[in-house]
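In our numbering, the protein residues as written are 194 to 701. We treat Cβ as the ideally placed atom computed from N, Cα and C, and that holds for glycine. All values reported here derive from a predicted model rather than from experimental measurement. Below you'll find the structure, written out as structure tokens, and then a few comments.
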């Protein structure tokens, strides 16, 4: 016989059931709240979310509808996934979905093209996993519209391709190197000219790869750019370069690349083979020197002829005129006066011929030397123009230089003083000629009105004037350097440096 529970036991049991009922209700409420939060999170997610059973959409959130350009979820729910996938990717995406729901391996992340309602193609980034919905396998799909990113990437790739095509088409050797000068990238010209492939360049330095050195070349623009942090240029000669049989000249250009902290991370190196240009310049330089020498030789020949023949013959004729009537006292005063007038004309002609001969080639340059000839020219120039000329030389005693240098130094003094007479409106000129091994220094300084150097040189070039341009060309032919310093109303200073090989009198 089953014993009936007491009243107290029933009451206690009721209280337990009431408590369990409350807890169950709270659990159900918590579950509803959790489901509501989950649905809200899914519905308003920044990603498109879908539940796919088989090939059909069971659920899509608002973002999913928005991504594909539809107005309501009902336009997609119940439809096959192929309706929002580009035809080229439908088979692949459908197969991934089938394998996933069957429990077989399938990519969990991939990209594909999608189709919006209006037919517009978009790029999708998809993340998918297998799940169970109401006891059946489904695909839980999250996707993002990455069209803008893909377009930017495509544009960047196209830009990179265009940049590479442009750089590869250049005749210049263009390289991107790290801070240790190891090549990260080089254009095709850099490689092919030297019988290499672009891949052969990577990780090598230009000096070990092209010229077989263990250290950078002397005068390297990249080394200098690394020291200064600025763009640097250099012109270099390489007696031997890989793939090139003869010596070559290179015009190099280096750009340092800095990070946000201002430190150099790498360099852009640009090299141009200027061998043909340099050889042409050297040939032109040599021809110009020979032309200048021939010009001076011709001037010397004409000067000697005028001085030794024409002037002498005129002198003889003058003497003949002056002595014509020595044995004829009966000659009339009128005839004697006419002959005397002719003698005066002859004297003027002799003076002019000797002056012309002197201008063409100073006769004392070969006998007296450069310093005495320049001194005499300055004295004569000062006397003829009234312009005070202070000439001094130092370190030139006993120094023998090439005759071509001597005559050109003389011409530079001559041209400098003539320019001052024509343009400077000066009262006084200082001329200094100093030997300071390995150069001869010539300084011509006046107290005239001065001028704007850059403007004058530009106008002189456009107007095809000589003046300073002629002096500069002459100095260039001697492998020298000319600098001009001038300010308005503060005079002008011309500084010339001419290299020479020292040779003292008596040296063998």
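If you ignore the 5 residues before and after residue 323, its C-beta comes within less than 8 Å of the C-beta of 293, 294, 296, 330, 331, 332, 333, all in its own chain and listed in chain order.
Leaving aside the five residues that flank residue 508 on each side, the residues in its chain whose CB is nearer than 7 Å to its CB run, in chain order, 543. Here residue 290 is near residue 248, since their CB atoms are less than 8 Å apart. The DSSP-derived three-state label of residue 546 is helix.
For residue 497, the enclosing alpha helix (DSSP H) starts and ends at 468-498. Contact annotation: residue 622 and residue 605 have beta-carbon atoms that are not nearer than 8 Å. Beta-bridge partners of residue 429 (DSSP): 443.
For residue 667, the enclosing alpha helix (DSSP H) covers residues 661-670. Going by DSSP, residue 391 is part of the alpha helix (DSSP H) stretching over 391-394. Taken in chain order, the unbroken stretches of beta strand (DSSP E) that lie wholly in the stretch 512-600 and span 3 residues or more are 581-587. If you draw a 10 Å sphere on the C-beta of residue 412, you find fewer than 16 other C-beta atoms in it, and that means exposed.
In this structure the stretch 439-447 touches the stretch 462-476; the number of beta carbon pairs closer than 8 Å is three or more. The beta-bridge partner set that DSSP reports for residue 621 consists of 581.
Annotation: residue 424 to residue 364 spans about 21 Å, alpha carbon to alpha carbon. Per DSSP, the unbroken alpha helix (DSSP H) holding residue 403 starts and ends at 399-403.
By the C-beta density criterion, residue 338 is buried, having at least 16 other C-beta atoms within 10 angstroms. Distance check between residue 268 and each of 281, 251, 283 places 251 closest, using alpha-carbon atoms only. Assignment of residue 609 by DSSP, reduced to helix, strand and coil, places it in the helix class. Distance from the Cα of residue 460 is smallest, within the candidate group 346, 420, 374, 523, for 374. Residues of the same chain with a CB within less than 7 Å of the CB of residue 387, apart from the 5 flanking positions on each side, are 403, 435, 436 in chain order.
For residue 419, the uninterrupted alpha helix (DSSP H) segment begins and ends at 414-421. Taking each of 504, 246, 580 in turn and checking the Cα distance to residue 545, the smallest one comes out for 504. A direct Cα-Cα distance of roughly 12 Å separates residue 498 from residue 490. Judged by pairs of C-beta atoms under 8 Å, the stretch 625-637 touches the stretch 592-607, as three or more such pairs exist. Taking a C-beta distance under 8 Å as the contact criterion, residue 575 and residue 582 qualify as a contact pair. If you look at residue 245, you'll find it in the beta strand (DSSP E) that goes 241-246. Approximately 20 Å separates the beta-carbon atoms of residue 481 and residue 554; this is outside 8 Å, ruling out the contact. For residue 338, the pairing in a beta bridge is given by DSSP as 317.
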